[in-house]
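Its first residue numbered 281, the sequence shown is counted upward by one per residue in the numbering used here. Note that beta-carbon positions come from the ideal geometry of N, C-alpha and C, so glycine has one too. Presented below is the structure to which this report refers.
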Amino acid sequence: MPQDMTSPAATPDDSVSAVSRLVGVFVSPGKTFESIGRRPTWLLPLAIWMVMSVAVTAVLIPRTDWAGIIRGGIEKSGQNVSEAQIEKRIETIKSFSWTYYVVAILAPAVIALVPAAFFWLGLKAFGWDIAFRQSLGVTTHAFLPGILASLILLPLLWRMDAIDPKEMGDLLKSNPGFLVDAKSSPALHSLLQSLDVFSLWTIVLLVVGLSAAAKISRGRTAGLVLTLWVLYVLGKAGFAAAFG
281 MPQDMTSPAA
291 TPDDSVSAVS
301 RLVGVFVSPG
311 KTFESIGRRP
321 TWLLPLAIWM
331 VMSVAVTAVL
341 IPRTDWAGII
351 RGGIEKSGQN
361 VSEAQIEKRI
371 ETIKSFSWTY
381 YVVAILAPAV
391 IALVPAAFFW
401 LGLKAFGWDI
411 AFRQSLGVTT
421 HAFLPGILAS
431 LILLPLLWRM
441 DAIDPKEMGD
451 LLKSNPGFLV
461 DAKSSPALHS
471 LLQSLDVFSL
481 WTIVLLVVGL
491 SAAAKISRGR
501 TAGLVLTLWV
511 LYVLGKAGFA
521 AAFG
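Structure follows, in structure tokens:
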């Protein structure tokens with residue numbers, strides 16, 4: 281007797297839980313992103329991302345070397361500022377420290393939504409079929425390596441007495457940026473920081489995920505993802521050269 285093509289046996293299994301997808305991104309990305317493409321989810325990875333962002337902020341803020349940062353800015357600008365004025369600036373910054381927590385909550389949403397929109401628009405521009413919720417689901421899950429990096433970073437920050445936030449990108453030694461002095465060569469330092477293990481891991485996951493969601497070859501998806509990534513890297517390096 282012919283098998284009913286609408287039976288559960290012939291229907292792709294979309295019963296994978298949101299929690300299972302968090303693990304699946306690392307151990308079985310192909311199948312996981314195929315599942316996300318069929319039934320997009322994004323809330324859980326975004327929520328975890330926000331929690332980790334707040335956790336890093338909570339550890340970072342009390343340990344930030346505000347005095348060193350302010351003195352560095354004063355030295356760079358050539359201003360003549362007294363110690364009393366420096367202390368007043370530090371107290372002002374600390375009184376508004378709550379704003380950093382607001383940013384910590386909002387930043388993951390912005391960082392997820394903006395690339396997801398670019399990927400969605402880019403794929404649609406080439407005539408490939410993908411919904412925004414699919415692009416967002418892929419993007420939030422593809423950024424999980426960055427959340428893993430934050431988890432590894434937390435104990436390192438915890439053991440430090442004073443931290444300059446600008447140096448956080450070199451703490452894990454997961455990119456060659458630490459080999460170059462950021463002050464003397466800001467553009468080169470920015471470029472080398474972009475060659476980060478966790479960032480490259482995210483790029484690979486984006487290629488796999490968007491390919492599965494749009495049902496196109498990974499080569500075509502890689503062209504779009506890498507083009508946008510290179511533009512971002514060059515823009516970041518240019519900003520560092522101008523304001524570093």
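Just so you know, the alpha carbons of G457 and L437 end up roughly 18 Å apart. The C-beta of I432 has fewer than 16 other C-beta atoms within 10 Å across all chains shown, which makes the residue exposed. Nearest neighbour of L434 by Cα position, chosen from V299, L340 and L302, turns out to be L340. Scanning its chain for C-beta atoms nearer than 6 Å, with the 5 sequence neighbours on each side dropped, one finds around A396 the residues S415, L416 and T419, in chain order.
DSSP places T321 outside both helix and strand once states are collapsed to three, so it counts as coil. In the three-state scheme derived from DSSP, where H, G and I count as helix and E and B as strand, I496 is classed as coil. Partner residues in a beta bridge of T337, as assigned by DSSP, do not exist.
Spatial neighbours of W481 in its own chain (CB-CB distance under 6 Å, excluding positions within 5 residues in sequence) are listed in chain order as P425. Non-local C-beta neighbours of V460 in its own chain, meaning closer than 8 Å and more than five positions away in sequence, comprise L468, H469 and L472, ordered along the chain. Short of 6 Å from the beta carbon of G317, and not among the five residues preceding or following it, lie these beta carbons of its own chain, in chain order: Q414, A492 and A493. In this structure, the alpha-carbon of L324 lies about 20 Å from that of T337.
Of the candidates V334, A384, L428 and S333, the residue whose Cα lies closest to the Cα of L302 is L428. Sequence-distant partners of A521 (beyond 5 residues in either direction) whose C-beta falls short of 7 Å from its own C-beta, in its chain, are P466 and A467.
With contacts defined as CB atoms closer than 7 Å, L485 and P309 qualify as a contacting pair. Runs of alpha helix (DSSP H) with 4 or more residues, each lying fully within the segment 430-500, are found at 466-474 and 477-494, listed in chain order. Under DSSP, no beta-bridge partner is assigned to T372. With respect to the C-alpha of V334, the residue from I496, F376 and Y381 having the closest C-alpha is Y381. Note on M440: under 16 other CB atoms within 10 angstroms of its CB, so exposed under the neighbour-count rule. Here I443 is near R343, since their CB atoms are less than 7 Å apart.
Ranked by how close their Cα comes to the Cα of I410, the residues S297, L514, V307 and P320 have P320 in first place.
Here T420 is not bridged, per DSSP, to any residue. Taking a cut-off of 8 Å on C-beta distances, the segment 383-395 does not touch the segment 361-375, as fewer than three cross pairs fall below it. Residue burial annotation: A405 is exposed, with fewer than 16 other C-beta atoms found within 10 angstroms of its C-beta.
Rounded to whole angstroms, I328 and W408 show a C-alpha spacing of 30 Å.
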